[in-house]
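Just so you know, my numbering puts the end of the sequence shown at 452, numbered straight through with nothing missing.
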Amino acid sequence: MSRMYPKWAKVVSAGKSYESRDLLGLRIKTRTPGVTQKPIIFIESGIHAREWITPATTTYFINQLLTSTDPAIQAMREQFEWHIFPTVNPDGYQYSCDYNRLWRKTRSKSSNGCYGTDPNRNWDYNWMTAGTSNDPCDDQYGGTKPFSEAETTNLKNYLSHFNPAHLKAYIAFHSDAQRLLLPYSDTAKHLDNYDDMVKIGKVSKIYGYKVNKAIYLGPGTAKEILYPVSGGSMDWVKYKLSTPLVLTYELRGTHFEWPSSRIYEQGDEVTQMLLGLLTEARKLGYFDSKLQ
Ligand code: 0X9
Ligand code: ZN
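Structure, rendered in C-alpha cells:
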C-alpha cells in the first residue's frame, strides 16, 4: 500500500520482537493545506497471537481507508493521522501459524523452560493484580516485570514519542468475545470520560449493526462485562498518556476461528464502527482543539 500510495502511506516499525521481527505499522497521513498536525489515531491489533481475525480486519480497514470511493471513508482518511499496527505480536502469530493454532502469548523463554508472556498483561498499569498469573506456563502470565517483553516495551516507546495532546484515540482489536470494552478493565467504576465513551460506543455499535446485524455487548469495562484484567495496553495508555478516546473491540468468531472468505464481513463492520465512533466523538467536541 505504501508503494501504491507513497504520498499518503509509509511503512513504519516500532522496533523488533523477541525473535527480531519488525513490529510493522502503516502511517497514513494525507496533506491538507494549512493544517500542520491532524489528530492522531493509533490502532493496535494482533497482540494475542491466535486472534487471527484482528490483523485480517485491520489490514482490510487499511485498504478501505486508502481505496474507498465512499466520501465518508475518504473524509475519515483526510481528517486524521493514522498509525495502524496489524500484528504487534509477530512471533506469536508466526508460531500460531506453524505449530500451535491456539498460541496466545509472545515467544520469550522463561527460566523454568516455558515460553511466552501475555502481552496484554505486561503493561505497567496495576501490573499482576487482576486476571493474570505469575506462572510462566500459564496463558495469562504477566512476565517477570512490567514491560519485560520487547514487544510491549517497543510499542510503549513508540506511543511515548507522540505529543500526548495530539494522540486522540487508541483502539485495540481482540477476538472473539463480541464486545466493546472501555477503561479501566479491573474496575466497574466509571472513571474519566467513561460516560462520553458509552455514548460514543453506542453510536459505533449502531453503525456496525447496519452492516451484518451483529450485536456487540457493551460498551462497558471488562470487569463489568467480561472479566477483570490489569496490565493491558489500553489501560496503560489511558492512565499514562491520558488519551481521550480509548477502547477495545472484541471481534466475533468461535474458538478464534473465522473463515477467510468472510473477512470482509468484519472488515466492513469495523470500518463502519470506526466511522460511527469518530463521527460521535467529533459531535461531542473531541477534535475541536486546534492542533499545531
Ligand atoms: O483477556 C484479554 O486480554 C482480553 N480478552 S481476550 O479474550 N481477547 O484475551 C480482554 C482485555 C480487556 N482489557 C484490555 N484490553 N486492557
Ligand atoms: Zn485478546
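Glycine is no exception: its CB is placed at the ideal position from the N, C-alpha and C atoms.
Residue i - containing beta strand (DSSP E), residue span
i, result
"A209", "Unbroken run through A209: none, as it is neither H nor E."
"R339", "R339 to L342"
"G380", "L377 to T381"
Residue i CB to nearest heavy atom of ligand 2 below 7 Å
i, result
"E241", "no"
"H350", "no"
"H415", "no"
"E211", "yes"
"S282", "Note that residue 282 corresponds to Asn in the displayed sequence, not to Ser. Checking every heavy atom of ligand 2 against the Cβ of N282, none is found closer than 7 Å."
"H326", "no"
"H321", "no"
Which residues DSSP lists as bridging residue i, in chain order
i, result
"K176", "D182"
"T218", "In DSSP, T218 forms no bridge with anything."
"L407", "I331"
"S293", "Y301"
"H243", "R187 and F202"
Buried versus exposed, by CB contacts within 10 Å (16 or more), residue i
i, result
"A329", "buried"
"V229", "The sequence as given places Thr at residue 229; Val does not occur at that position. So T229 ends up on the exposed side."
"Q452", "The predicted position of Q452 is uncertain, since its pLDDT is 45 and thus under 50; a value taken from the coordinates is nonetheless stated next. Q452 comes out exposed."
"M164", "exposed"
"R469", "The structure shown has nothing for residue 469, since the chain only spans 161 to 452."
"P231", "exposed"
"S177", "buried"
"L435", "buried"
"S345", "buried"
"G302", "buried"
"A174", "buried"
"I207", "buried"
"L262", "exposed"
"G273", "exposed"
"E417", "exposed"
Residue i: CB within 7 Å of a non-hydrogen atom of ligand 1
i, result
"T292", "no"
"G392", "yes"
Boundaries (first-last residue) of the alpha helix (DSSP H) holding residue i
i, result
"W396", "S393 to W396"
"I360", "Y354 to N372"
"L437", "I423 to K443"
"E309", "Careful: E309 lies outside any alpha helix (DSSP H) and carries neither H nor E."
"D278", "Looking at the DSSP string, D278 is not in any alpha helix (DSSP H), and its letter there is neither H nor E."
Supposed close pair residue i, residue j - CB separation, criterion 8 Å
i, j, result
"F245", "S205", "7 Å"
"S270", "P296", "3 Å"
"E311", "T266", "6 Å"
"I213", "L225", "That belief does not hold up - the Cβ atoms of I213 and L225 are roughly 18 Å apart, past 8 Å."
"L183", "P250", "7 Å"
"K383", "P343", "Not a contact, Cβ separation roughly 11 Å."
Residue-level contact to chain D via CB, residue i, 8 Å cutoff
i, result
"M288", "Protein chain content of the structure displayed is limited to a single chain, and chain D is not contained in it."
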